[in-house]
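Undergrad: Here you go, one structure.
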Amino acid sequence: MINPTNREFYVIIERDEDGYYVGEVPQLQACYSQGETIDELIANMKQVIELCLEDV
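Numbered according to our numbering, the sequence shown spans residues 13 to 68.
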């Protein structure tokens with residue numbers, strides 16, 4: 013497994029019409045998540061990046 017703590021990824025963050033923050037990592041296919049706050053989004057993104065890297 014690749015250690016995600018040794019890699020850096022750009023996260024594109026937008027706010028949707030419901031007020032949620034939505035993040036996407038363009039370098040990884042289908043790697044996106046959401047959260048009610050930026051902190052929640054970042055925590056969710058770390059988890060989804062780990063899952064996306066498992067598939068690589």
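Every residue gets a Cβ at the ideal spot worked out from N, C-alpha and C, and that includes glycine.
Determine the direct distance from the alpha carbon of Val60 to that of Leu53, and round the result to whole angstroms.
TA: For the purposes of this step, residue 53 is taken as the residue at position 41 of the sequence shown. For the purposes of this step, residue 60 is taken as the residue at position 48 of the sequence shown. Distance between the alpha carbons of Leu53 and Val60: 10 Å.
Undergrad: Return the bridge partner residues of Gln46 from the DSSP annotation.
TA: To locate residue 46, count along the sequence shown from 1; it is residue 34. DSSP, once it has assigned bridges, lists Val34 as partnering Gln46.
Undergrad: From what residue to what residue does the beta strand (DSSP E) around Glu26 run?
TA: Residue numbering aside, residue 26 sits at position 14 when the sequence shown is read from its first letter. Counting along the chain, the beta strand (DSSP E) containing Glu26 begins and ends at 24 to 27.
Undergrad: Hey, would you say Tyr44 sits closer than 8 Å to Gly35, going by beta carbons?
TA: Working through the sequence shown from its first residue, we reach residue 44 at position 32. Working through the sequence shown from its first residue, we reach residue 35 at position 23. Yes, the Cβ-Cβ distance between Tyr44 and Gly35 is below 8 Å.
Undergrad: Does DSSP put Gln41 in a helix, a strand or coil?
TA: What you label residue 41 is simply residue 29 of the sequence shown in a count that begins at 1. In the structure shown, Gln41 sits in coil (DSSP, three-state: anything other than H, G, I, E or B).
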